[in-house]
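Engineer: Order-wise, the sequence lines are chains A and B.
Per this note's numbering, the very first residue in the first sequence carries number 157; after that it's consecutive.
Per this note's numbering, the very first residue in the second sequence carries number 2; after that it's consecutive.
I have a structure here, written as structure tokens, and I will follow up with some questions on it.
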Amino acid sequence: MASIQKSVALSSSSRPSAADTVELTGVCKSYGDFVAVDALSFSIEPGGIYGLLGPNGAGKTSTLRMMIGIIVPDSGRISIFGEPLTRAHMDTFGYLPEERGLYRKMKVLEHLVLLGQLKGLTGAEATRRAQSWCERFELTAWTGKKVEELSKGMQQKVQFIGAILHDPRLIIMDEPFAGLDPANAVALKDVLLELAKNEKTILLSTHRMDQVERLCQSICLINHGRAVLEGDLSQIKARYGRRNVQIKYDGDARFLNEPRLVQSFNDYGNYVEVHLAPGADAQEFLHLASSCAKLSKFELMEPSLEEIFIDVVGKPNA
Amino acid sequence: MRNTWLILKREYLQRVRTRSFIVLTVLLPAIMTVLMALPAKLATMGQKAQHVVIVASTEQLGESVRKQLLAAPSDDEEDENTGADNTKQKPEDQYIVDVDANATEAERSVLRDKVSSRAIDGYLWLTNDAIAARKVSWYSREMMPFRERSWLSEAVSRVVQQQELSSKGMTAAQADQMLQPIKVQPVRIEGGHEAKGNGMGRFLEIVVMVMLLYMAVLFYGISVMRSVLEEKTSRIIEVLLSSASSTELMAGKLLGVGAVGLTQILVWAVMAGLIALPSLAAQPNLSELQISPWVMAAFALFFLLGYLLYSTMYATIGAITTTEQEGQQLQFLIVIPLVLSVFMLMPVIRTPDSAAVVWMSMIPFFAPILMYARIVVQTPPLWQIALSLSLLIATVWGLLIFCSRIYRIGVLIYGKRPNLPEILKWLKYAKA
């Protein structure tokens, strides 16, 4: 394993410059009357994993397609490594599309070699890299099989290898974990973290909040083509405030019926999760609760990204 | 350039390696041969030899006509219009000829009954009276086909003329020589040289080309369309477009599929050559069918350009539709110019230098078939060929750019088929 890592995946020959890996400034894209992306701006710092989040139809895929240059924005600017995006940048990034994009009738190894060659590798080099990656992802027995003979999860792994075979500085992944079983999801996550550690920049577009929460340092949440939340994940969470309380209690649960402080709760008898009302003072709630019941635990929780997501996206005109 | 080559290689190898390609390449000529040979075989298979009676005033006259009828036709009497299969049949297999010297009314009614009862198929009333009147009658149940009638009259005239000449003191050899028919042989002047070859050969050259182009366009064009649709539905196109430009992708695909078609045609040509070579060696006058290198070059050029023109259109249809059914509905856009060129083939062959034909053959969508046909029939002025070719090349080039723009946007759009204004808008989007 160690030898593969050294020789193939993580040779950081191309160190990112100080400039942001990707920077979008006021990017707009509409299809007829439908505005897919509306004055979107965000920037991705080099190295690490960046999450692009948003509900279905928020404009994620359009944004990604503009970033890899397969569609052109109506207005706005996209720069990569500090330069305006051009065809010359194509070989510096790897792209994993949302659904599997492979030729079904092609053999796995041939397919990977083709993808590598299209990104500028020589046939021999592409073959060598493809073989070691297949080994790492336990696909060696399948390299001579046609893509259509593979399971969905295996195809997803092939697709992933195809995206990183040429050792790109920027890796753009649209729902990379879709269709993977837990074991393979862990293997993929490990590779992503390794790549990030080796100063590659990874852009992850997904619905899966738990993955983003654990992997990403920064996020951009978009809705209706606009950035709703953007920046460092821990800062966002801090800014959003702690409004969830876990309480273990014994006695009267009357304190839950205070609409000024409690927006909603989930009572399990002597354990309750409380979502505080906007603007509610947690200290005031603690006083109220302790005056009613005997508390064995009172803890303010950090909001999960999922809660933030639902909260922001659920709001009208967000 | 490198990307185009990679795509080309993939398209080519993926197709050539499939079992269906190998089967089709080997089996199609076999099927074609059977299909072409079968009607002729069927026509002769059920045919019994015709039983014919010659009623003549003298046994000797009847016998001479019999001999003449059964004599194998000599080479120079071979009719150009009869296909190779018919001439191979010998008259003695086709006819049983009896001679009857009993030219009486009674015999005539007996023969008439025999014809009705199908004991014989017909009889020739060749009495001295009939010869003197220069009108000999043939009695049968069915109308006599034109070819057989001329064959009969020729045989009878020849025998009668021979007899009359020898009765006037000529030897049989002298009479024979005198009666030898004189044939007019057409010789075409091509590029200042006399070109051998007959009208039939030229016609075949045109028909073969048109058939090949038509088949190649339909077969490989649909194949191009299908593979564009496949890339679109499997979304591989997104991965490809993140590595190569749409023009590179489209050019690679068209050239790759075209190379598959050329391979197939080459294999067929070699197969046909191997089969035809022994018979060509045996029958030297068939070598008149030889195609001049000039015509061959024209074929290759117009075939390739024609293929590129039409398959580019197919690729575009693939790009703007989402299912094969939808694509097939739009196919008429491609089939109409093709069918029109086939319709215009006859006027082109008859009057290759009329003004209408000249200008028709300049229109790029007709040029692959019509200009090629003109080159085969009669070498048109060089400027016309040059103009037609440059218009064709310019159109292919323009269409390639136009279509690769539509392709670039179209392949990323799923769902409803766009209308014309939308497609025009795409052209603007795809400027970069």
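Note that beta-carbon positions come from the ideal geometry of N, C-alpha and C, so glycine has one too.
Over what stretch of residues does the alpha helix (DSSP H) that includes A:Val269 continue unbroken?
Structural biologist: Taking the first sequence and counting its residues from 1, one reaches residue 269 of chain A at position 113. Where A:Val269 is concerned, the enclosing alpha helix (DSSP H) stretches over Val264 to Leu274.
Engineer: Taking Cβ-Cβ distances shorter than 8 Å, what residues in chain A pair up with B:Ser246?
Structural biologist: Mapped onto the second sequence, residue 246 of chain B falls at position 245. Correct list: Arg243.
Engineer: Distance cutoff 8 Å, beta carbons only. Does A:Lys313 sit that close to anything in chain B?
Structural biologist: If you number the first sequence from 1, residue 313 of chain A lands on position 157. So no, A:Lys313 is outside the interface.
Engineer: Counting only Cβ pairs nearer than 7 Å, list the residues of chain B close to A:Glu255.
Structural biologist: As a working note, residue 255 of chain A is residue 99 in the first sequence. What A:Glu255 touches in chain B: Arg236.
Engineer: Quick check: is the beta carbon of A:Arg260 nearer than 8 Å to any beta carbon in chain B?
Structural biologist: Residue 260 of chain A sits at position 104 when you count from the first residue of the first sequence. Judged by the 8 Å Cβ criterion, A:Arg260 is in contact with chain B.
Engineer: B:Gly328 lies in the alpha helix (DSSP H); which residues open and close that run?
Structural biologist: In the second sequence, the residue the question calls residue 328 of chain B occupies position 327. Glu325 to Leu331 is the span of the alpha helix (DSSP H), which, as asked, contains B:Gly328.
Engineer: Does the distance from the C-beta atom of A:Arg370 to that of A:Ala195 stay below 8 Å?
Structural biologist: Position 214 of the first sequence, counted from the start, is the residue given in the question as residue 370 of chain A. Position 39 of the first sequence, counted from the start, is the residue given in the question as residue 195 of chain A. In this structure, A:Ala195 does not lie closer than 8 Å to A:Arg370 by Cβ.
Engineer: Do A:Tyr251 and A:Ile358 have their C-beta atoms within less than 8 Å of each other?
Structural biologist: Along the first sequence, one-based indexing puts residue 251 of chain A at 95. Along the first sequence, one-based indexing puts residue 358 of chain A at 202. No, the Cβ-Cβ distance between A:Tyr251 and A:Ile358 is not below 8 Å.
Engineer: So, is the C-beta of A:Val468 closer than 8 Å to a C-beta in chain B?
Structural biologist: Working through the first sequence from its first residue, we reach residue 468 of chain A at position 312. False, the Cβ-Cβ gap to chain B never drops below 8 Å.
Engineer: With respect to the alpha helix (DSSP H) encompassing A:Cys448, which residues constitute its N-terminal and C-terminal limits?
Structural biologist: Numbered from its first residue, the first sequence carries residue 448 of chain A at position 292. First-last of the alpha helix (DSSP H) with A:Cys448: Ala438 to Cys448.
Engineer: Using a Cβ-Cβ cut-off of 8 Å, state whether A:Tyr145 counts as contacting chain B.
Structural biologist: The structure shown does not extend to residue 145 of chain A, since chain A is modelled only from 157 to 474, so the question has no answer here.
Engineer: Can you name the residues that DSSP bridges to B:Cys447?
Structural biologist: No answer is possible for residue 447 of chain B: it lies beyond the span of chain B, which begins at 2 and ends at 433.
Engineer: With a threshold of 7 Å on Cβ separation, who are the neighbours of B:Ile32 within its own chain once the five nearest residues in sequence on each side are excluded?
Structural biologist: Within the second sequence, numbered from 1, the residue matching residue 32 of chain B stands at position 31. If we look at B:Ile32 and ignore the five residues flanking it on each side, it has no Cβ neighbours.
Engineer: Between the stretch 326 to 360 of chain A and chain B, which residues of the former have CB atoms less than 7 Å from a CB of the latter, in chain order?
Structural biologist: Flagged: no residues at all.
Engineer: If we count the other Cβ atoms within 10 Å of its Cβ and call it buried at 16 or more, is A:Asp330 buried or exposed?
Structural biologist: Within the first sequence, numbered from 1, the residue matching residue 330 of chain A stands at position 174. With 16 or more Cβ atoms within 10 Å of its Cβ, A:Asp330 is classed as buried.
Engineer: For B:Ser288, count neighbouring C-beta atoms within 10 Å of its own C-beta (all shown protein chains included) and say buried if the count is 16 or more, exposed if not.
Structural biologist: Residue numbering aside, residue 288 of chain B sits at position 287 when the second sequence is read from its first letter. Annotation note: pLDDT 47 at B:Ser288 (below 50); position unreliable, no value reported.
Engineer: Please identify, using Cβ separations under 9 Å, the residues of the stretch 373 to 388 of chain B that lie next to chain A, in order along the chain.
Structural biologist: Cβ contacts with chain A come from no residue of the stretch 373 to 388 of chain B.
Engineer: According to DSSP, is A:Pro240 helix, strand or coil?
Structural biologist: Start at 1 with the first residue of the first sequence, and residue 240 of chain A comes out as number 84. A:Pro240 falls in the strand class under three-state DSSP.
Engineer: To the nearest whole angstrom, what separates the beta carbons of B:Asn129 and B:Ser58, a pair I think is in contact under 8 Å?
Structural biologist: Translated into positions along the second sequence, residue 129 of chain B becomes position 128. Translated into positions along the second sequence, residue 58 of chain B becomes position 57. Confirmed, Cβ separation roughly 4 Å.
Engineer: Apart from the five residues just before and just after B:Glu60, which ones in its own chain have a Cβ nearer than 8 Å to its Cβ?
Structural biologist: Translated into positions along the second sequence, residue 60 of chain B becomes position 59. Only Val100 and Ala102 meet the Cβ criterion.
Engineer: Considering only residues of the same chain and omitting the five flanking positions on each side of A:Ser168, which have a CB-CB separation below 7 Å?
Structural biologist: Taking the first sequence and counting its residues from 1, one reaches residue 168 of chain A at position 12. Residue placement at A:Ser168 is poorly supported in this model, since its pLDDT is 39, which falls under 50; the coordinates are not used for a value here.
Engineer: Could you check whether the stretch 453 to 470 of chain A touches the stretch 242 to 259 of chain B, counting it as contact only if at least three pairs of C-beta atoms, one from each stretch, sit closer than 8 Å?
Structural biologist: No, because fewer than three Cβ pairs between the stretch 453 to 470 of chain A and the stretch 242 to 259 of chain B fall closer than 8 Å, the two stretches do not touch.
Engineer: Is it the case that the Cβ atoms of A:Ala136 and A:Gly238 are separated by a distance below 8 Å?
Structural biologist: Examination of residue 136 of chain A is not possible in this model, given that chain A is present from 157 through 474 alone.
Engineer: Given that a residue counts as buried once 16 or more other Cβ atoms are within 10 Å of its Cβ, and exposed if not, what is A:Met222?
Structural biologist: On the first sequence, residue 222 of chain A is found 66 positions in, with the first residue counted as 1. By the neighbour-count rule (16 or more Cβ atoms within 10 Å), A:Met222 is buried.
Engineer: Given that A:Gly318 touches chain B, what residues does it touch there, using C-beta distances under 9 Å?
Structural biologist: By 1-based counting over the first sequence, the position of residue 318 of chain A is 162. Under the 9 Å cutoff, chain B gives Val240.
Engineer: Beta-carbon separation of A:Asn379 and A:Gly272 under 8 Å?
Structural biologist: Your numbering for residue 379 of chain A matches position 223 in the first sequence. Your numbering for residue 272 of chain A matches position 116 in the first sequence. No, these two residues do not count as a Cβ contact at 8 Å.
Engineer: What number of angstroms, rounded off, separates the C-alpha of B:Thr323 from the C-alpha of B:Tyr408?
Structural biologist: Working through the second sequence from its first residue, we reach residue 323 of chain B at position 322. Working through the second sequence from its first residue, we reach residue 408 of chain B at position 407. Each residue's Cα considered, the two are about 12 Å apart.
Engineer: If B:Ala156 and B:Ile97 are in contact, beta carbons under 8 Å, what's the gap, nearest whole angstrom?
Structural biologist: Taking the second sequence and counting its residues from 1, one reaches residue 156 of chain B at position 155. Taking the second sequence and counting its residues from 1, one reaches residue 97 of chain B at position 96. Between B:Ile97 and B:Ala156 the Cβ distance is about 15 Å, and since that is not below 8 Å, they are no contact.
Engineer: Does the beta-carbon distance from B:Val54 to B:Leu127 come in below 8 Å?
Structural biologist: Translated into the one-based positions of the second sequence, residue 54 of chain B becomes position 53. Translated into the one-based positions of the second sequence, residue 127 of chain B becomes position 126. Not in contact: B:Val54 and B:Leu127 (Cβ atoms no closer than 8 Å).
Engineer: Please confirm whether A:Leu461 and A:Val368 have their CB atoms less than 8 Å apart.
Structural biologist: Along the first sequence, read from residue 1 onward, the residue named residue 461 of chain A stands at position 305. Along the first sequence, read from residue 1 onward, the residue named residue 368 of chain A stands at position 212. Yes.
Engineer: Which residue from A:Leu321, A:Arg399, A:Asp230 and A:Leu444 puts its Cα closest to that of A:Asp408?
Structural biologist: Locating residue 408 of chain A in the first sequence gives position 252, where the first residue counts as 1. The residue with the shortest Cα to Cα distance from A:Asp408 is A:Leu444.
Engineer: Under a three-way DSSP split, which group does A:Cys376 fall into?
Structural biologist: Indexing the first sequence from 1 puts residue 376 of chain A at position 220. The answer is strand: DSSP assigns A:Cys376 an E or B state.
Engineer: Which two residues bound the contiguous alpha helix (DSSP H) that contains B:Arg113?
Structural biologist: Taking the second sequence and counting its residues from 1, the one referred to as residue 113 of chain B is at position 112. Per DSSP, B:Arg113 belongs to the alpha helix (DSSP H) from Glu106 to Ser117.
Engineer: So, under 8 Å CB-CB, A:Ala286 and A:Ile317 are touching, yes? Tell me the CB distance rounded to an integer number of Å.
Structural biologist: Reading the first sequence from its first residue, position 130 is the one you call residue 286 of chain A. Reading the first sequence from its first residue, position 161 is the one you call residue 317 of chain A. That belief holds up - the Cβ atoms of A:Ala286 and A:Ile317 are roughly 7 Å apart, short of 8 Å.
Engineer: In the structure shown, what three-state DSSP assignment does B:His52 receive?
Structural biologist: Translated into positions along the second sequence, residue 52 of chain B becomes position 51. Reduced to three states, the DSSP call for B:His52 is strand.
Engineer: Short of 7 Å in beta carbon distance, which residues of its chain neighbour B:Val17, apart from the five on each side in sequence? Order them along the chain.
Structural biologist: Taking the second sequence and counting its residues from 1, one reaches residue 17 of chain B at position 16. Result list for B:Val17: Val261 and Thr264, in chain order.
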